[in-house]
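With positions in the sequence shown counted from 1, the corresponding number in our numbering is that position plus 98.
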Amino acid sequence: MMNVAIVGTGYVGLISGVCLAEVGHRVHCVDLNPKIVNNLNLAIPTIYEKGLPELLKKVVSSGNFSATNSLDLALEEADIVLIAVGTPSKDGAIDLSAIKTVCQSVGEYIKNSEKHISVVLKSTVIPSTTDTVVRNELEKFSGKTLGDFGLGMNPEFLREGNAIEDFCSPDRIIFGYEDEKTLSRLAELYKPWDVEKLEMNTRSAELLKYANNTVLATQISIINELANVSSALGGIDFEDVVKGLHLDKRWSPLDESGNRIFPEILTYLRPGCGFGGSCFPKDVQALRSQGETLGLEMAISNAVLSTNDQQPFSLVNILAKRLGGLSGKKILVLGLSFKPETDDVRESPAIKIVHGLIKENARVSAHDPIAVSNFIEEFGETASRINFCEDWRSAVESASIVVIITPWAEYLDLKNISMKDKIVFDTRAYFKKSDLEVLSYLTFGSS
Ligand SMILES: NC(=O)c1ccc[n+]([C@@H]2O[C@H](COP(=O)([O-])OP(=O)(O)OC[C@H]3O[C@@H](n4cnc5c(N)ncnc54)[C@H](O)[C@@H]3O)[C@@H](O)[C@H]2O)c1
Numbered sequence: 099m100m101n102v103a104i105v106g107t108g109y110v111g112l113i114s115g116v117c118l119a120e121v122g123h124r125v126h127c128v129d130l131n132p133k134i135v136n137n138l139n140l141a142i143p144t145i146y147e148k149g150l151p152e153l154l155k156k157v158v159s160s161g162n163f164s165a166t167n168s169l170d171l172a173l174e175e176a177d178i179v180l181i182a183v184g185t186p187s188k189d190g191a192i193d194l195s196a197i198k199t200v201c202q203s204v205g206e207y208i209k210n211s212e213k214h215i216s217v218v219l220k221s222t223v224i225p226s227t228t229d230t231v232v233r234n235e236l237e238k239f240s241g242k243t244l245g246d247f248g249l250g251m252n253p254e255f256l257r258e259g260n261a262i263e264d265f266c267s268p269d270r271i272i273f274g275y276e277d278e279k280t281l282s283r284l285a286e287l288y289k290p291w292d293v294e295k296l297e298m299n300t301r302s303a304e305l306l307k308y309a310n311n312t313v314l315a316t317q318i319s320i321i322n323e324l325a326n327v328s329s330a331l332g333g334i335d336f337e338d339v340v341k342g343l344h345l346d347k348r349w350s351p352l353d354e355s356g357n358r359i360f361p362e363i364l365t366y367l368r369p370g371c372g373f374g375g376s377c378f379p380k381d382v383q384a385l386r387s388q389g390e391t392l393g394l395e396m397a398i399s400n401a402v403l404s405t406n407d408q409q410p411f412s413l414v415n416i417l418a419k420r421l422g423g424l425s426g427k428k429i430l431v432l433g434l435s436f437k438p439e440t441d442d443v444r445e446s447p448a449i450k451i452v453h454g455l456i457k458e459n460a461r462v463s464a465h466d467p468i469a470v471s472n473f474i475e476e477f478g479e480t481a482s483r484i485n486f487c488e489d490w491r492s493a494v495e496s497a498s499i500v501v502i503i504t505p506w507a508e509y510l511d512l513k514n515i516s517m518k519d520k521i522v523f524d525t526r527a528y529f530k531k532s533d534l535e536v537l538s539y540l541t542f543g544s545s
């Protein structure tokens, strides 16, 4: 059992906290936001995540998990502190201000403490952040040097919507470290996990996280670019193209009995309205910015981002072209979160799509099972022009166009609703054309 402090109790910090508490560590989560701290201590989840209510209740009542707004209090007991604050994009570059603020406070704590503590980043940061920015801040504010404290980088790969399962059964765990003591603490922390564990220096761990996200983002943009060629040219069934592409044995190998294995990676090779969420867009931007600072062209990152930026608007253009304008058209948007099973709307393609539809003077209704309040907050003033509905099935009746953005399971019920007089734009190709009774069925890549 270890004593762990986690700073930043958002998606990553909270899920890490409850999962580490569940295996027996004593976890103190720290957040600036008093509402988060109060709710967590009452075992009230502050984010939507499958399995979180039950797990949080369990670890709070076991006494292994608590939240506080006092970093010093959490550090008092900790052998290791995980930093999981946000690292957003600011003018296309990574904003490390929250990381620096935390490092300054941790540095001040180290200054007045006799004990050795390992400071480990869980936030996604550009390569060299831990061994330069973080190290410098800690040394400056503690007056001590690396060795008096430890330094590590343990990137997180969980996916919102599946976060607890991803944290409990990760593909691998990365131990980025700058000193042996931190390496052994990381090994102790993750001892209950029986998965491959890779040891490397902190720069490599940092780049690995970007490698993971940027390669997936690249797959999404290239398939979207191919879909756009298909749409523009016409006469192509892009579903057939995708099917044929996936059947290359290098993508979908055969198992010993000769059956196809369709790995999950293929879901990143399907056309859609582009990648969103709190990670992919900002991470590709951050890497591009770092590369440019280093004098590199970063041509692929640029192309990936520019295709992705345009993709939501291409939906608006396709609809406007087909209907000769969208003014006054009743359009129902189904799904606002950036993917199903989460209430996170950060960089959700729905934001750009709805802005685009409003700009064309369409009459927009929208539904999401859980993300409406986050969407209103993120969308800005013109949210008042959207009619948010709870009963999406009745809203389908009064719409002339239905745009499916987030493939929530409940929308599968569209199969049972007659939409003979409606155009359906299925941005994720969630359905097969034959599943739905519609006037016209559109996907990215169709014409
Ligand atoms: N969300 C994901 O799916 C995911 C997955 C892998 C990695 N990451 C990375 O993890 C990091 C955190 O992401 P997130 O989505 O959990 O962020 P988030 O915005 O959900 O949470 C960050 C939390 O940190 C708190 N905070 C900010 N400054 C603080 C300070 N000085 N002291 C204490 N608390 C402070 C905020 O109040 C907030 O609750 C980012 O670097 C992100 O790129 C995120």
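All C-beta atoms in this analysis are idealised placements derived from N, C-alpha and C, irrespective of residue type, glycine included. Note that this is a predicted model, so its numbers are computed, not measured.
Segment limits, alpha helix (DSSP H) that includes Ala176
One-based indexing of the sequence shown puts residue 176 at position 78. First-last for Ala176: undefined, no H or E at that position.
Roughly how many angstroms separate the alpha carbons of Asp264 and Ile484, rounded to a whole number?
As a position in the sequence shown, residue 264 is number 166, starting the count at 1. As a position in the sequence shown, residue 484 is number 386, starting the count at 1. Distance between the alpha carbons of Asp264 and Ile484: 35 angstroms.
Given 6 angstroms as the limit, tell me if Thr107 has its C-beta closer than that to any heavy atom belonging to ligand 1.
Taking the first residue of the sequence shown as position 1, residue 107 is located at position 9. Flag set: Cβ of Thr107 near ligand 1.
When Leu219, Ser226, Leu173 and Val223 are compared against Tyr207, the one with the closest alpha-carbon
Stepping through the sequence shown from its first residue, residue 207 is reached at position 109. Comparing Cα positions, the closest option is Leu173.
Ordered along the chain, which non-local residues of its own chain (more than five positions away) have a Cβ less than 8 angstroms from that of Arg368?
Residue numbering aside, residue 368 sits at position 270 when the sequence shown is read from its first letter. Within the same chain, Cβ atoms closer than 8 angstroms to the Cβ of Arg368 are found at Ile321, Val340, Arg526 and Ala527, the five residues on either side in sequence being excluded.
Could you tell me the alpha carbon to alpha carbon distance between Ala141 and Cys201, rounded to whole angstroms?
The residue labelled residue 141 in the question sits at position 43 within the sequence shown. The residue labelled residue 201 in the question sits at position 103 within the sequence shown. When rounded, the distance between both Cα atoms is 28 angstroms.
How would you write the range of the beta strand (DSSP E) that Glu439 sits in, first residue to last?
Locating residue 439 in the sequence shown gives position 341, counting from the first residue. No beta strand (DSSP E) contains Glu439, which DSSP labels as neither H nor E.
Closest to Thr504 by CA distance: which of Ser492, Phe529 and Lys347 is it?
Residue numbering aside, residue 504 sits at position 406 when the sequence shown is read from its first letter. Ranking the options by Cα distance to Thr504, first place goes to Phe529.
Hey, quick one: how far does the beta strand (DSSP E) through Ala464 stretch, first residue to last?
Counting from 1 along the sequence shown, the entry for residue 464 is found at position 366. Per DSSP, Ala464 is one residue of the beta strand (DSSP E) stretching across Arg461 to His465.
For a test of the three-state rule: what should DSSP assign to Ala191, helix, strand or coil?
Position 93 of the sequence shown, counted from the first residue, corresponds to residue 191. In the structure shown, Ala191 sits in a strand (DSSP, three-state: E or B).
Which residues DSSP lists as bridging Ser532, in chain order:
Reading the sequence shown from its first residue, position 434 is the one you call residue 532. Answer is none; Ser532 lacks a bridge partner.
Evaluate Ile192 with the Cβ neighbour count: other Cβ atoms within 10 Å of its Cβ, from every protein chain shown; 16 or more gives buried, anything less gives exposed.
Residue mapping note: residue 192 aligns to position 94 of the sequence shown, counting from 1. Buried is the label assigned to Ile192, since at least 16 other Cβ atoms lie within 10 Å of its Cβ.
Do you know whose CA, among Met99, Glu362 and Ser195, lies nearest Leu314's CA?
Along the sequence shown, one-based indexing puts residue 314 at 216. Residue nearest to Leu314 within the set Met99, Glu362 and Ser195 is Glu362 (criterion: CA-CA distance).
In the DSSP assignment, find the beta strand (DSSP E) that holds Gly149 and state where it starts and stops.
The residue labelled residue 149 in the question sits at position 51 within the sequence shown. From DSSP, Gly149 is part of no beta strand (DSSP E); its letter is neither H nor E.
Between the alpha carbons of Ser203 and Val452, how many angstroms are there, rounded?
Reading the sequence shown from its first residue, position 105 is the one you call residue 203. Reading the sequence shown from its first residue, position 354 is the one you call residue 452. Those two C-alpha atoms are separated by around 41 angstroms.
Span of the beta strand (DSSP E), counted from its first residue to its last, around Ser482:
By 1-based counting over the sequence shown, the position of residue 482 is 384. Counting along the chain, Ser482 falls outside any beta strand (DSSP E), and DSSP gives it neither H nor E.
Is Cys377 helix, strand or coil when you go by DSSP?
Reading the sequence shown from its first residue, position 279 is the one you call residue 377. Reduced to three states, the DSSP call for Cys377 is coil.
Distance CB(Cys377)-CB(Pro447) smaller than 7 angstroms
Taking the first residue of the sequence shown as 1, we reach residue 377 at position 279. Taking the first residue of the sequence shown as 1, we reach residue 447 at position 349. Contact check for Cys377 against Pro447 fails: the beta carbons are separated by 7 angstroms or more.
If you follow the beta strand (DSSP E) that Asp519 is part of, which residue opens it and which one closes it?
In the sequence shown, residue 519 corresponds to position 421, counting from 1. First-last of the beta strand (DSSP E) with Asp519: Ser516 to Asp524.
Select from Phe523, Ala493 and Ile515 the residue whose C-alpha is nearest the C-alpha of Val501.
As a working note, residue 501 is residue 403 in the sequence shown. Checking every option, the nearest Cα to that of Val501 belongs to Phe523.
May I have a chain-ordered list of the beta strand (DSSP E) segments no shorter than 3 residues that lie completely inside the segment 218-261?
DSSP runs (the beta strand (DSSP E)) wholly in the segment 218-261: 248-251.
C-beta atoms of Ala460 and Ile416 nearer than 7 angstroms:
In the sequence shown, counting from the first residue as 1, residue 460 sits at position 362. In the sequence shown, counting from the first residue as 1, residue 416 sits at position 318. Against a cut-off of 7 angstroms, the Cβ pair of Ile416 and Ala460 comes out as no contact.
Assuming Leu180 contacts Asn252 (C-beta within less than 8 angstroms), just tell me the rounded distance between them.
Taking the sequence shown and counting its residues from 1, one reaches residue 180 at position 82. Taking the sequence shown and counting its residues from 1, one reaches residue 252 at position 154. Right, the Cβ-Cβ distance comes to about 7 angstroms (below 8 angstroms), so this counts as a contact.
Continuous alpha helix (DSSP H) stretch holding Asn136: start and end
As a position in the sequence shown, residue 136 is number 38, starting the count at 1. Asn136 -> alpha helix (DSSP H) spans Pro132 to Asn139.
In the DSSP assignment, find the unbroken beta strand (DSSP E) run with Thr504 in it and report its ends.
Working through the sequence shown from its first residue, we reach residue 504 at position 406. Unbroken run through Thr504: none, as it is neither H nor E.
Can you determine whether any heavy atom of ligand 1 sits closer than 6 angstroms to the C-beta of Thr541, and answer yes or no?
As a position in the sequence shown, residue 541 is number 443, starting the count at 1. Flag unset: Cβ of Thr541 not near ligand 1.
Are at least three pairs of beta-carbons, each pair with one atom in the segment 246-261 and one in the segment 328-337, less than 8 angstroms apart?
Using a Cβ-Cβ distance cut-off of 8 angstroms, the segment 246-261 and the segment 328-337 are not in contact, since fewer than three pairs of beta carbons, one from each stretch, lie closer than that value.
What are the partner residues of Ser164, as DSSP defines its beta bridges?
As a working mapping, residue 164 is identified with position 66 in the sequence shown. For Ser164, the pairing in a beta bridge is given by DSSP as His126.
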